[in-house]
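Here the structure comes first, spelled out in structure tokens, and everything after it is commentary.
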Amino acid sequence: MSVAWRRFVAHRLALAGLVLIVGLAIVAALARQVAPHDPIRQDLPRALAAPSHDFPLGADEFGRCILSRILYGARLSLLVGVIATAIGAVTGILLGLLAGYFPRLDALVMRTMEVLLAFPSILLAIAIVAALGPSLVNVMIAVGLRSIPAYARLTRSIVLSLKELEFVQGVHALGAGHARVLFRHILPNSVSPLVVFSSMQVATSILLAAILSFLGLGVQPPTPEWGKMVSDGRAYLLEAPHVSLFPGVAIFLTVLGFNCLGDGLRDALDPRMRAGVGE
Amino acid sequence: MGGYVLRRILQTVPVLLGVSLLAFAVMHVVPGDPVRLIAGPDAPESVVLRIRTELGLDRPLYEQYASFLGRALRGDLGRSLRSRAPVVDEIVARFPATLELTTASMLIAVVAGVPLGLIAAVRRSTWVDYLAMLTSLSTLSMPVFWLAIVAIWLFSLQLGWLPVSGRAGPPWQWDGFRHLVLPAVTLATTSLAITSRLTRSGMLEVLGREYVTTAWAKGLPPLGVVGKHALKNALIPVVTVVGLQYGFLLGGAVVTETIFAWPGVGRLAMTAILQRDYPVVQGCVLLVAVLFVLVNLLVDLLYGWLDPRIRFE
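Protein sequences appear in the order of chains A and B. First residue of the first sequence: 1, per the numbering used here; consecutive thereafter. First residue of the second sequence: 1001, per the numbering used here; consecutive thereafter.
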């Protein structure tokens, strides 16, 4: 671990990513204490106010403090990113384990994954949310579903290579059951590539969730959500560009943080994956 | 090669069937009664009944799927609930715009992404490499819809160089070209970043191979080594990504077309989704997925041709 940690710290970009994410998480958790204003209370005379001492990032079309809304919105984006990724990870890893371990299930699982992969992720997510109805939970489901095939593929390839190794054969010979071999021996040995992949997935999930909200398929108003804030600001682009600008910067920095973290983790934990790319 | 081609084509059939099943399911995962949703809460029973029969929703599921598939194969995807026009006509009318946009974006991504990755790999671990990779990582982290809005604000509203939205004629005419620039560039950004990262890692791998060392040792000029020996092999994975990216672009077109009011299939799909026009949604989803599968089939065949090892796996 110490070698990996040293390699991680040496990766300045990754460290910056980690600092960014931890900072964001703290701010999100303490939104109530840190935010200068109530994120929902309207102050119509101050509508579209430019950044000032009172409103550091200006006010939106209802005179709400944009900084406060971004701070509260951080909770939502982080939550959606992490939970959606978890949905995809748990399902995908399970399917990948089964497909890689039991040759009989392999074709069925992988063909199904190919079908899911045939739908561009954005379109699939939009169609799912449109069908289930716009809500926070449905966004998480739609975004999570999208990452299942990628997780399944990655896990399967790891299982396929691990399963032939001597220690797994040995555990088998000692009389361990399939479940024990899979969850006690194979899974723990697949953790590092999966962690690397998950960091990048959180980034993609946050982006995709923001797209859904931007299109009006996400959280409903007045809940502060970054994608929705960018979308709402479009109408005032000429007179008050800050309304759209700042929430977008928040999305950008958060996603960048997770991508940098993923890059650094990859170099630190899994030199084999150096050549790979997020998706 | 013949056997490989046939095997690969046959593998596509179950995937296409699955795709059609999923597109079919779009209509059936809607909570509650889609007919009620379409007809509205106060619609008289006769209207509800008419829509139900019209959509074939009164028949058993497997029968509905069989008839959906049969009609789809004959090019009949039903009629739009709003415009009453055949879905196929609606899609055909808008497809050229989407093709134009995605192709332009693909071109930008490859023409800019490959050289960028190439330079980064050749100048590995120098500031050029760091700058190129930081740029691509930043681009990957940018929400495209936001980038589009910032671009509109800067180039259309502030500088007045490019139109805000819409499509005007073919891209080889000045006005059509000006309308295409912003949507094509914003749609291209993600693919550009991915292409450059992949070219870089592909190049780095190839540059370490023995035959490249041999080429250097023979005293070949740098351009010959990099361009002729290394690049050709490094580009093989890039070909695959171009296929995958094409699907991504088709999906991304939904967002880009919506923002720039580009009259393509993506905007049609988005409007249909918001209006709950299910046959149109179904048609668009089916079209995009089938296209994606076919493009990837083509890419795989190309890949097998470029790299003979693939055929024998």
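All C-beta atoms in this analysis are idealised placements derived from N, C-alpha and C, irrespective of residue type, glycine included.
Check: Taking Cβ positions only, does residue 244 (chain A) come closer than 7 Å to chain B?; Outcome: yes
Check: Nearest to residue 213 (chain A) by CA position, among B:1087, B:1167, B:1212 and B:1145, is which residue?; Outcome: B:1145
Check: Check whether the Cβ of residue 1154 (chain B) sits closer than 6 Å to any heavy atom of the ligand MG, and report yes or no.; Outcome: For the structure depicted, the ligand MG is absent and the ligand set is empty, with no information on it obtainable.
Check: Under 7 Å, Cβ to Cβ, is there at least one residue of chain A near residue 1285 (chain B)?; Outcome: yes
Check: Where in the stretch 231-256 of chain A do unbroken runs of the alpha helix (DSSP H), each at least 4 residues long, occur, reported from the N-terminal end onward?; Outcome: none
Check: Could you run through the stretch 1192-1222 of chain B and flag, in chain order, every residue whose CB is less than 9 Å away from some CB of chain A?; Outcome: 1194, 1197, 1198, 1201, 1202, 1204 and 1205
Check: Taking only beta carbons into account, state which residues of the stretch 1152-1182 of chain B come closer than 8 Å to chain A, listed in chain order.; Outcome: 1152, 1153 and 1157
Check: If you compare alpha carbons, which of B:1106, B:1253, B:1119 and B:1257 is closest to residue 1164 (chain B)?; Outcome: B:1257
Check: Note down the Cα distance separating residue 39 (chain A) from residue 1204 (chain B), rounded to an integer number of angstroms.; Outcome: 49 Å
Check: The alpha helix (DSSP H) that contains residue 1047 (chain B), what's its start and end?; Outcome: 1045-1055
Check: Can you name the residues that DSSP bridges to residue 59 (chain A)?; Outcome: A:65
Check: Excluding the 5 residues preceding and the 5 following residue 235 (chain A) in the sequence, name in chain order all residues of the same chain whose CB lies nearer than 8 Å to its CB.; Outcome: 61
Check: Any C-beta of chain A within less than 7 Å: which residues of the stretch 1052-1070 of chain B qualify?; Outcome: none
Check: Is it buried or exposed for residue 1307 (chain B), if we count other Cβ within 10 angstroms and need 16 for buried?; Outcome: exposed
Check: Examine chain A for any beta-carbon lying closer than 7 Å to the beta-carbon of residue 1014 (chain B), and answer yes or no.; Outcome: yes
Check: Would you say residue 1263 (chain B) lies against chain A (beta-carbon separation less than 7 Å)?; Outcome: no
Check: Does the stretch 1005-1016 of chain B come within contact of the stretch 231-250 of chain A, defined as at least 3 CB pairs closer than 8 Å?; Outcome: no
Check: Comparing C-alpha positions only, which one of B:1137, B:1020, B:1056 and B:1194 sits nearest to residue 112 (chain A)?; Outcome: B:1020
Check: Please state the DSSP three-state secondary structure of residue 1079 (chain B).; Outcome: strand
Check: DSSP state of residue 278 (chain A), grouped into three classes?; Outcome: Below a pLDDT of 50, predicted positions are generally treated as unreliable, and residue 278 (chain A), at 35, falls in that range; the measurement from the model is reported next regardless. In the structure shown, residue 278 (chain A) sits in coil (DSSP, three-state: anything other than H, G, I, E or B).
Check: Helix, strand or coil for residue 1014 (chain B), going by three-state DSSP, please let me know.; Outcome: helix
Check: Is the distance from the Cβ of residue 196 (chain A) to the Cβ of residue 266 (chain A) below 7 Å?; Outcome: yes
Check: Looking at the C-beta of residue 211 (chain A), does it have a partner C-beta in chain B at a distance below 7 Å?; Outcome: yes
Check: Counting contacts by CB-CB distance shorter than 7 Å, is residue 1305 (chain B) in contact with chain A?; Outcome: no
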